[in-house]
Amino acid sequence: MMLFLNMNYLAHAFLSFNNRDILAGNIISDCVKGKAQYSYPEAIRKGIRLHRLIDEYTDRHPVTARAKTFFRPQYRLYSGAFIDIVYDHFLALDAAQFGQYGNLKNFSTVAYQQLELNITLLPFTFQRMFIYMKTQDWLYNYQFKEGIRRSFNGIVSRSLYLKESDIAFEIFNKYYTELNNCYAEFFPGLKQFAFENMSKLLCN
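In this note's numbering, the protein residues as written are 117 to 320.
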C-alpha cells in the first residue's frame with residue numbers, strides 16, 4: 117500500500133532550488149518545533165525559515181483563498197491542507213517546471229539523493245519516514261489521482277475532527293479544472309517569492 121502524508125513535500129522540495137541544505141530544512145520544518153530549530157546547522161535552519169515563509173505566502177494569497185472555497189463548506193479550517201496537496205498534484209503535472217532535471221522522475225531521484233547526504237542530521241521521525249518516502253517515491257506519485265486520494269486520507273488520519281476524505285476527493289474531481297487554474301495563476305508568483313527569499317537567506 118502506498119503511504120502518503122498530509123504535506124506538500126513536492127512543492128517544498130522543488131522550491132529549494134537544488135540546494136541540499138535548504139532542501140533538508142525545507143522538508144523537515146513541520147517536524148521542528150520552537151527552539152529545536154537551533155539544534156541544526158545554520159544552513160539547514162535557513163531551509164526551515166524558507167519553508168515557513170512559503171507557507172505564510174501561500175496562506176495569505178488571494179488565489180489560495182479562492183481555491184479553499186471549494187473545500188471550506190465541508191472541511192472548514194482544514195481546507196488549506198487539502199489545497200496544499202492539490203497544488204502539489206498540479207505541480208507534478210507541470211512538466212515545464214522540471215526541465216533542468218529532464219523530468220519529474222529525475223527530479224525526485226536527485227531530491228532523495230540530496231536528502232540522504234544530510235539524513236543523519238535530521239529528526240529521527242523524519243529518518244524513519246524517509247524510508248517510505250524514497251521506496252514509495254512520494255514526490256513522483258503526486259501526479260496520480262490515487263496518490264492524492266491517499267494524501268487526503270492522511271489529512272483525516274492526523275486530524276482530531278475529520279471523519280472522512282471521500283467528499284474531498286469528490287470535490288477535487290468535480291472542480292479539477294478550476295483548481296488547476298488556481299495553481300496556474302498562483303505558482304509562478306510563489307516560485308519567484310521563494311527564490312528571492314532563499315537568495316536573501318543565503319546572503320545573510
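A virtual CB, placed ideally from N, CA and C, is assigned to each residue, including glycine.
Which whole-angstrom value is the C-beta distance of residue i and residue j, which I expect to be below 8 Å?
i            : j              : result
tyrosine 125 : isoleucine 143 : 6 Å
alanine 140  : isoleucine 160 : 5 Å
leucine 295  : alanine 183    : 6 Å
leucine 318  : lysine 149     : The pair is not a contact, with the Cβ atoms about 24 Å apart (cut-off 8 Å).
Using the beta-carbon count (16 or more within 10 Å), is residue i buried or exposed?
i              : result
alanine 227    : buried
lysine 151     : exposed
aspartate 204  : buried
tyrosine 154   : exposed
glycine 218    : exposed
arginine 266   : buried
methionine 200 : Here residue 200 turns out to be aspartate, not methionine, going by the sequence shown. Counting Cβ neighbours within 10 Å, aspartate 200 comes out buried, since at least 16 surround it.
tyrosine 277   : exposed
glutamine 229  : exposed
serine 315     : exposed
leucine 193    : exposed
Where residue i and residue j are concerned, what is the direct C-alpha to C-alpha distance, given to the nearest angstrom?
i                 : j              : result
arginine 165      : methionine 123 : 17 Å
arginine 168      : histidine 177  : 14 Å
valine 272        : alanine 197    : 10 Å
glutamate 280     : asparagine 320 : 45 Å
phenylalanine 268 : proline 157    : 33 Å
arginine 274      : leucine 237    : 25 Å
proline 239       : arginine 188   : 33 Å
isoleucine 283    : proline 304    : 29 Å
aspartate 171     : methionine 249 : 21 Å
Return no unless some Cβ of chain D is closer than 8 Å to the Cβ of residue i.
i          : result
lysine 261 : No chain D appears in the structure shown, which is made up of a single protein chain.
CB-CB under 6 Å to residue i, same chain, minus the five flanking residues each way: which ones, in chain order?
i                 : result
tyrosine 291      : Phe186
glutamine 190     : Ile283
phenylalanine 206 : Asn296 and Tyr299
Tell me which same chain residues have a C-beta within less than 8 Å of the C-beta of residue i, skipping the five on either side of it?
i              : result
asparagine 222 : Phe214
leucine 220    : Ala208, Ala211, Phe214, Leu255, Tyr256 and Gln259
glutamate 312  : none
Can you list, in chain order, the residues of its chain whose CB lies under 7 Å from that of residue i, leaving out five sequence neighbours each side?
i              : result
methionine 117 : Bear in mind that a pLDDT of 36 at methionine 117, under 50, signals an unreliable position, so the model cannot answer this.
valine 179     : Cys298, Glu301 and Phe302
serine 224     : Asp253, Leu255 and Tyr256
threonine 174  : Thr180 and Leu306
isoleucine 235 : Gln243 and Phe246
leucine 233    : Arg136
threonine 241  : Cys147
leucine 309    : It is phenylalanine, not leucine, that sits at residue 309 in the sequence shown. Closer than 7 Å at Cβ, skipping near neighbours: Tyr173.
### Task
With a floor of 4 residues, list each alpha helix (DSSP H) that falls wholly inside the stretch 231-316, ordered by position along the chain.
240-251, 254-257, 261-273 and 282-290
### Message
At 4 residues or longer, what runs of the alpha helix (DSSP H) sit wholly inside the stretch 165-221?
### Response
178-184, 188-191 and 195-209
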